[in-house]
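Asker: Each residue of the sequence shown is one higher than the one before, starting from 486 at the first, in our numbering. First the structure, then my questions, so here it is.
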Amino acid sequence: MLDWVWRRRTGMEIRESGAGFEVIGAAYYEVFPTRFGALLAAFCLAARRAKFSGRTVAVRVPAAWGGTVEVTPEVAGRILDGAALPSGMRADVSERRAG
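Right, dumping it as structure tokens:
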């Protein structure tokens with residue numbers, strides 16, 4: 486219950502599981518086979534939420550990966566506009582409803 490409250494108020498979470506890497510948010514859940522896919526999805530969704538809410542969004546990752554990373558609205562704008570991506574590709578990701 487407390488994890489859900491944390492995600493609802495502050496951000497996304499990535500967990501390692503037997504099936505792969507789970508990306509969990511208040512209204513999002515998906516399992517990715519690769520760590521890279523999970524990181525990309527979590528940061529794109531966090532950037533979208535930070536940009537449109539105007540608040541910092543935390544992405545909680547496993548402790549072995551380094552802990553929690555915060556995405557500020559300023560950085561989120563750069564990510565979504567493609568400025569923070571080396572190839573210049575856009576990071577358009579829409580949230581999928583958990584279900």
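Here a beta-carbon is modelled for each residue, glycine too, at the ideal position from N, C-alpha and C. As the structure is a computational prediction, the values presented were derived from the model and not from experiment.
(1) Should the segment 534 to 554 be regarded as contacting the segment 495 to 503, the criterion being three or more beta carbon pairs within less than 8 Å?
(2) Near Pro547, what residues of its chain come up, given a Cβ to Cβ distance below 8 Å and the 5 sequence neighbours on each side ignored?
(3) For the beta strand (DSSP E) containing Arg592, list its first residue and its last residue.
(4) When we look at the beta-carbon of Phe528 and count the other beta-carbons within 10 Å, is it buried (16 or more) or exposed?
(5) Identify whether Cys529 lies in helix, strand or coil by the three-state DSSP scheme.
(6) Any idea which residues DSSP pairs Ser502 with across the strands?
(7) To which residues of the same chain is Val556 closer than 6 Å at the C-beta, ignoring the five residues directly before and after it?
(8) Out of Ala512, Phe506, Arg563, state which residue places its alpha-carbon closest to the alpha-carbon of Phe521.
(9) Would a C-beta distance cut-off of 8 Å place Glu515 and Ala526 closer than the cut-off?
(10) To the nearest angstrom, how far is it from the Cα of Pro558 to the Cα of Pro518?
Answerer: Looking at the coordinates:
(1) yes
(2) Ile499, Arg500, Glu501
(3) Outside the displayed span of the chain (486 to 584) sits residue 592, for which this structure offers no information.
(4) buried
(5) helix
(6) Gly505
(7) Ala531, Ala532, Ala535, Val542
(8) Phe506
(9) yes
(10) 29 Å
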